[in-house]
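Engineer: Input: one structure, supplied below.
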Amino acid sequence: MNQYSTRQFIIGGIIVLVFFIYIIRLFYIQVIDKSYRNSAENNSQRNVVQYPSRGLIYDRKGRLLVCNEAAYDLMLNPQELRAFDTSEFCNILGISKEQVIDGIQKAKFFSHYKSSPFIYQVSDLTYALFQESMYKFPGFYAQPRTLRKYTGKIAAHLFGYVGEVDSSVIKKDGYYQIGDYIGMSGMEKSYEKELRGKKGVTKYLVDVHNRVKGSFQNGMFDTASVIGKNIVSTIDAGLQEYGEKLMANCRGSIVAIEPSTGEVLALVSSPTYDPQLLVGRLRSKNYGELKQDSRLPLFNRAIMPKYPPGSPFKLLNAMIGLKEGVVTRESQFSCYLGYTAGPIHVKCHPHPTPLDMPHGIQYSCNAYFDNVFRRIIENPAYNKQSEAFDAWRNYILTFGFGKKLNSDFTNELSGNIPTSKYYDKIYGKNGWKSLTIISLAIGQGELGVTPLHLANLAATIANRGFYFIPHTVRKIEGLDTIESRFTNKHFTAFDSTYFNVVVHGMEMAVNGPNGGTANGAEVPGIIVCGKTGTAQNAGVEDHSIFIAFAPKDNPKIALSVYVENGGFGANFAVPVASLLIEKYLKDTVNRAWLEDYVKNYKINYVDKK
Amino acid sequence: MKRTFNIWAELDWITVLIYLALVTIGWFNIYAAVYSEHHSSIFDLDMRYGKQMVWIIAAIIMIVAIMFIDTRFFTFFAYVFYAIALILLFAVAIFGREVNGARSWFEISGFHLQPTEFAKVATILAVAKYLSSYGIKIEKLKTLIIVGLIIFAPVVLIMLQPDIGSVLVYCAISFVLYREGFPGGFLFFGFLIILIFVLALVISQEAILIFLIIVALLSLLVLNRRIIEIVIGALSILLIYNTILTANHFLHLRIAHYYALLVSVGITSAGAIIFNLFKRITFIYWVTLLLSFAIAFAYSVDYVFDHLLEPHQQHRINILLGKETDLKGTEYNVNQSKIAIGSGGFMGKGYLQGTQTKFNFVPEQSTDFIFCTVGEEWGFVGSFAVLALFGLLLTRIIFLAEKQRSAFSRIYGYGVASILFFHVAINVGMTIGLLPVIGIPLPFFSYGGSSLWAFTILLFIFLRFDASKMTLLR
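Heads up: the protein sequence lines correspond to chains A and B, in order. Per our numbering, residue 1 is the first one in the first sequence, and the count goes up by one each step. Per our numbering, residue 610 is the first one in the second sequence, and the count goes up by one each step.
In structure tokens form, the structure reads like this:
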């Protein structure tokens, strides 16, 4: 039998060969290929997110306006679910049996092994009750979250609201995951990065059934969460509250700025809503209701509409006329209860005539400024009127009109100042001239501005020639300064001498002598300067407009009040602004009769269906 | 003069040492595979590692017992053991407890026994006895047939359970036959048939046909060494195949690819035979004949499976083959296994630190997939060490087998080595994803009394014979 003994080597060789192949394979998957290590970690680790509380928001005087409240998402892990007393469960949580069955099914559909939210944001009272009996309901546990709490029901548009992040955001920014919260509008959105803090993570080891078995590497890889940075806003809460109260019955806005810094003292958009409505479980439902409301309470009337500016625009035309040299301070124009030229007739209200420029401003004479505007556009220094018009437009733009002011409002709009090309398209080249667009003289026609623009104009005039970009944040915790763009001066095309005429006119408009369109704005002991506006609105009542600043020298506050369908500027916008100025500068208001007047002022709004 | 015969001095301690090393490491791994922080005593009899310890102790007792038994006991009763094994195999297929779709276990008042493992020992004994009997001539056809029957009988019975893994292990006996002089080609063909049997149920008929053609051409190459003829043959097949297919396409016939290929092979073979008719080259006939047989066999296996088996039988076979999935599917099993092993890195994660095995990600991790614990906790170093130990064991057994003076002992020794080799190769190959999932235990490592005892008995009967080799002549 030994004749075949050499075959032992073949057999031995096969054995060695097979083992050798195995060793190579082992070397490959164990040492060379790293993907298995990753798969192992994915299999057996679970990351539990620690959500930090959001930064707090204070007003400029340190009053806490926005803070956080603990809330608990009730989670369900179907794998750990056992039979339980559903009636007791329903009683504690205040839900029906059908909701329980439905909720359990949804959770199972999501995953048999992984947890998912069963009820969002159970109140802490309910949670406290539930926690006592939680042991009776295996599979249910609480994930702590924080929700926003608003100490005053003010500044809803300014602060904005927080909601759950959606998939498009998740795709763009890997920081967010399903179920995370993110600022959706207003300050919550603009300063999301500062307010949100940083999520932490605790890593657990889990077995194949996703049951937690202990911490991973003794917590070596855990990261602590970092709470959000607190923000001191520029808002004066008292002023904001007062403004919202005054505007309660109407639709419109107030924007108040501190001219020397560009800080927004108040931003009122009426009708407003209680910001607490858009927090937590009921947010979607309440949002839906607010959206359906025909008064459009969610619409931020301070920065989003495109309104005609009305008479405040005359101030700009005045300065441009002076600068272009086509008029002087002393230039006089007559007004025959209006202005007539060719087929054009622009009405005006009764006032002394003829007027020079400051008085033209004081009495807001339409004829005066029609004349000024025509001179600007027909200026022989330019070859064509369209060129003069574009030059005029460029002056306007330096005040921040026609573009976004680049503030820290996320949905600020730019308004619209038309170009000569625009008119070329409508009328054809050379098909239009100064008379065609005469309505621009008095702030009507194809102009669109936001109340923010108008307030900024007031601040620019208050500063005699420059403005700071309006912003809502004074200090962010941990940072020495705010963004530099807010501390840079933006100069207009006009030096301070041009402003003196305008300021004089505005002073007289409020304080007289001999009346003035804004004399209802007079505040005892303070020199208020202002300009009324009454914007025509086809078919319905005019819009009531007023811009102002006070005191005349070293102004502390500049504001715009814009009230839809409020009638003459003097009717409503003026008293509101006056009360606000008194409140801000004197801290109390001594004209209860005026407050009553404002409160009882009725505007009939006709809603478009 | 009688020489004092001290069995313990003659016992091959090297092999015993390797055996003990494997069993010990195996036990530690079972502990790790079942480990949880809450378990207290290692002697806890409710846990697998506690039970395994009991079985190890019992195995040691069996070893001692074997050492005291005379070798003639085994040679004399070889056929008896074999017969008992066949009866038990038959009985378990009928009375056994159904586990995972197969009846492989006896359960009598809490006591479990798997006869398949012991049947392997008995079969090796029977083969050894037969091939070492007086007047056996390897070249005779009768020898082959009887040996075939000895192997075939338990295979058929095992198929009744069914347990494909163990069937494959019986192919290991071909190594024994090869060593004893059976023509390599024969064995190779026998191995091929088993392979086709399994493949026919797993992959398509066409794939098998292509596989067989390649095998046939390669065997011609080995036998003939005339590359030109092989190439002509291959080209001929391709040509005819393509012709048929293009005709298929243009004439819009619906000839299946399989039949097209079949016809092309047939024509080419006929051509080859005619061409060689006058050259008296026999192997071309043989290859053609065997090829036809293999093709027919593959087809019949498929036919039997599809048309003659009940759905639940098909289902069971499919599960065992890994074609059908249980809850999570065999792909999941192998994937988890590879992840566990692959994540071990070079040095492993450390004893009792394997996350995959600790948290039960690998199914069957204390039985069929026990190697995962080795791979994950001891890394490449550990895997290499374990394979090296097995390699040493096997080569040592072969070395000792060659030294035997009696044919019985030598044949039996090769049987031991072959069976152990096939178990290790198939089990480890499965865990690292090189072989399909075939459930057989890793010798000395996998949890289980039956397999541990069977392997221990298998090995130590040989060592008993080896200890007496100086006194045995037959």
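Ideal Cβ placement from N, Cα and C applies to all residues, glycine included.
Looking at the strands, I want to know which residues DSSP matches up with residue 529(A).
Structural biologist: On the first sequence, residue 529(A) is found 529 positions in, with the first residue counted as 1. Residue 529(A) is bridged to 549(A).
Engineer: Considering only residues of the same chain and omitting the five flanking positions on each side of residue 1(A), which have a CB-CB separation below 8 Å?
Structural biologist: The residue you call residue 1(A) lines up with position 1 of the first sequence. Bear in mind that the predicted position of residue 1(A) carries a pLDDT of just 48, short of 50, making it unreliable; the figure below should be weighed with that in mind. No residues qualify anywhere along the chain.
Engineer: Within the same chain, show all residues whose beta-carbon is closer than 7 Å to that of residue 49(A), passing over the 5 residues directly before and after it, in chain order.
Structural biologist: Locating residue 49(A) in the first sequence gives position 49, where the first residue counts as 1. Taken in chain order, the residues that qualify are 199, 201.
Engineer: In chain A, which residues lie less than 7 Å from residue 947(B) when you measure between Cβ atoms?
Structural biologist: In the second sequence, the residue the question calls residue 947(B) occupies position 338. Simply 29, 36.
Engineer: If you pair each beta-carbon of the segment 303-311 of chain A with each one of the segment 481-501 of chain A, do three or more pairs fall below 8 Å?
Structural biologist: In short, these stretches do not touch, since the Cβ pair count stays below three.
Engineer: So residue 499(A) packs on residue 453(A), CB below 8 Å; how close in whole Å?
Structural biologist: The sequence position of residue 499(A) within the first sequence is 499, counting from 1. The sequence position of residue 453(A) within the first sequence is 453, counting from 1. The pair is not a contact, with the Cβ atoms about 17 Å apart (cut-off 8 Å).
Engineer: For residue 1073(B), name the three-state secondary structure that DSSP assigns.
Structural biologist: Here residue 1073(B) corresponds to residue number 464 of the second sequence, with the count starting at 1. Three-state DSSP puts residue 1073(B) in a helix.
Engineer: Please go through the segment 104-131 of chain A and give each complete beta strand (DSSP E) segment of 3 or more residues, from N-terminal end onward.
Structural biologist: You should have 116-122.
Engineer: Find out if the Cβ-Cβ distance for the pair residue 1024(B), residue 817(B) is shorter than 8 Å.
Structural biologist: The count along the second sequence starts at 1 and reaches residue 1024(B) at position 415. The count along the second sequence starts at 1 and reaches residue 817(B) at position 208. No, these two residues do not count as a Cβ contact at 8 Å.
Engineer: Which residues in the same chain as residue 493(A) place their Cβ atom closer than 6 Å to its Cβ, once the five residues preceding and following it in sequence are excluded?
Structural biologist: The sequence position of residue 493(A) within the first sequence is 493, counting from 1. These residues qualify, in order along the chain: 395, 398.
Engineer: What do you reckon, are the CB atoms on residue 563(A) and residue 579(A) nearer than 8 Å?
Structural biologist: Translated into positions along the first sequence, residue 563(A) becomes position 563. Translated into positions along the first sequence, residue 579(A) becomes position 579. No, these two residues do not count as a Cβ contact at 8 Å.
Engineer: Along chain B, in chain order, which residues have C-beta atoms closer than 7 Å to that of residue 12(A)?
Structural biologist: Translated into the one-based positions of the first sequence, residue 12(A) becomes position 12. Those are 1004, 1007, listed as they occur along chain B.
Engineer: Can you give the beta carbon distance from residue 558(A) to residue 462(A), rounded, assuming they're within the 8 Å contact cut?
Structural biologist: Translated into positions along the first sequence, residue 558(A) becomes position 558. Translated into positions along the first sequence, residue 462(A) becomes position 462. That pair is a contact at about 5 Å.
Engineer: Closest to residue 1022(B) by C-alpha separation, out of 717(B), 901(B), 1060(B), 734(B), would be which residue?
Structural biologist: Here residue 1022(B) is taken as the residue at index 413 of the second sequence, counted from 1. Per the Cα distances, 734(B).
Engineer: Does the ligand GDP have a heavy atom nearer than 7 Å to the CB of residue 908(B)?
Structural biologist: Absence of the ligand GDP from the depicted structure is noted, as is the absence of any ligand whatsoever, leaving it without description.
Engineer: Three or more C-beta pairs closer than 8 Å, one from the segment 244-262 of chain A and one from the segment 465-473 of chain A: is that the case here?
Structural biologist: Judged by Cβ distances under 8 Å, the segment 244-262 of chain A makes contact with the segment 465-473 of chain A, as three or more pairs qualify.
Engineer: Just by C-beta distance, which residues in the segment 868-887 of chain B are closer than 7 Å to chain A?
Structural biologist: Residues passing the 7 Å Cβ filter: none.
Engineer: Whole angstroms is fine: what's the gap from residue 3(A)'s alpha carbon to residue 688(B)'s?
Structural biologist: Against the first sequence, residue 3(A) aligns to sequence position 3. Against the second sequence, residue 688(B) aligns to sequence position 79. Computed Cα separation, rounded: 27 Å.
Engineer: Give me the chain A residues within the contact set of residue 788(B), using Cβ-Cβ distance strictly less than 7 Å, ordered along the chain.
Structural biologist: Numbered from its first residue, the second sequence carries residue 788(B) at position 179. Near residue 788(B) (Cβ distances below 7 Å), the residues of chain A are 4, 7, 8, 11.
Engineer: Please report the straight-line C-alpha distance between residue 1032(B) and residue 1051(B), rounded to a whole angstrom.
Structural biologist: Taking the first residue of the second sequence as 1, we reach residue 1032(B) at position 423. Taking the first residue of the second sequence as 1, we reach residue 1051(B) at position 442. Taking the straight line joining both Cα atoms gives about 6 Å.
Engineer: By DSSP, does residue 351(A) sit in helix, in strand, or in coil?
Structural biologist: Numbered from its first residue, the first sequence carries residue 351(A) at position 351. Coil.
Engineer: If distances are taken between C-alpha atoms only, which option among 561(A), 585(A), 605(A), 571(A) comes closest to residue 526(A)?
Structural biologist: Numbered from its first residue, the first sequence carries residue 526(A) at position 526. For residue 526(A), the nearest C-alpha among the options comes from 585(A).
Engineer: Please name the residue in 55(A), 51(A), 107(A) whose C-alpha comes closest to that of residue 78(A).
Structural biologist: By 1-based counting over the first sequence, the position of residue 78(A) is 78. For the residues 55(A), 51(A), 107(A), the minimum Cα distance to residue 78(A) belongs to 107(A).
Engineer: Residues of chain A with CB under 9 Å from residue 748(B), in chain order?
Structural biologist: Here residue 748(B) is taken as the residue at index 139 of the second sequence, counted from 1. Those do not exist, as residue 748(B) stays about 12 Å from chain A at its closest Cβ, beyond 9 Å.
Engineer: Rounded to a whole number of angstroms, what is the C-alpha to C-alpha distance between residue 955(B) and residue 980(B)?
Structural biologist: Counted from its first residue, the second sequence places residue 955(B) at position 346. Counted from its first residue, the second sequence places residue 980(B) at position 371. Each residue's alpha carbon lies about 15 Å from the other.
Engineer: Quick one: which unbroken beta strand (DSSP E) runs of 3-plus residues sit fully inside the segment 376-423 of chain A? Chain order, please.
Structural biologist: For the segment 376-423 of chain A, not a single whole beta strand (DSSP E) run of length 3 or above is found.
Engineer: Distance check for residue 386(A) and residue 640(A), CA to CA, integer angstroms please.
Structural biologist: There is no way to answer for residue 640(A), as the model of chain A reaches only from 1 to 609.
Engineer: I believe residue 569(A) touches residue 517(A) by the beta-carbon criterion, under 8 Å. Please report the beta-carbon distance rounded to the nearest angstrom.
Structural biologist: As a working note, residue 569(A) is residue 569 in the first sequence. As a working note, residue 517(A) is residue 517 in the first sequence. Right, their Cβ atoms sit about 7 Å apart.
Engineer: Within 10 angstroms of the Cβ of residue 1057(B), are there 16 or more other Cβ atoms? Answer buried if so, exposed if not.
Structural biologist: What you label residue 1057(B) is simply residue 448 of the second sequence in a count that begins at 1. Flag for residue 1057(B) reads buried.
Engineer: Using DSSP bridges, identify the partner residues of residue 559(A).
Structural biologist: Here residue 559(A) is taken as the residue at index 559 of the first sequence, counted from 1. Answer is 256(A), 548(A), bridged to residue 559(A).
Engineer: At 7 Å on the CB atoms, spell out the chain B contacts of residue 19(A), in chain order.
Structural biologist: Taking the first sequence and counting its residues from 1, one reaches residue 19(A) at position 19. What residue 19(A) touches in chain B: 996, 1000.
Engineer: Taking the straight line between their C-alpha atoms, what separation do you get for residue 633(B) and residue 669(B)?
Structural biologist: On the second sequence, position 24 is the one that residue 633(B) refers to. On the second sequence, position 60 is the one that residue 669(B) refers to. Using only the alpha carbons, I get a separation of about 12 Å.
Engineer: Could you round the C-beta distance between residue 534(A) and residue 269(A) to whole angstroms and report it? I think they count as a contact, below 8 Å.
Structural biologist: Walking along the first sequence from the start, residue 534(A) turns up at place 534. Walking along the first sequence from the start, residue 269(A) turns up at place 269. Residue 534(A) to residue 269(A), Cβ: 21 Å. No contact.
Engineer: In whole angstroms, give me the CA-to-CA distance for residue 416(A) and residue 403(A).
Structural biologist: Position 416 of the first sequence, counted from the start, is the residue given in the question as residue 416(A). Position 403 of the first sequence, counted from the start, is the residue given in the question as residue 403(A). Their Cα atoms are separated by approximately 7 Å.
Engineer: So what does DSSP say about residue 48(A), is it helix, strand or coil?
Structural biologist: The residue you call residue 48(A) lines up with position 48 of the first sequence. Strand.
Engineer: Would you tell me roughly how many angstroms separate the C-alpha atoms of residue 256(A) and residue 591(A), rounded to the nearest one?
Structural biologist: Position 256 of the first sequence, counted from the start, is the residue given in the question as residue 256(A). Position 591 of the first sequence, counted from the start, is the residue given in the question as residue 591(A). So the alpha carbons of these two residues sit roughly 20 Å apart.
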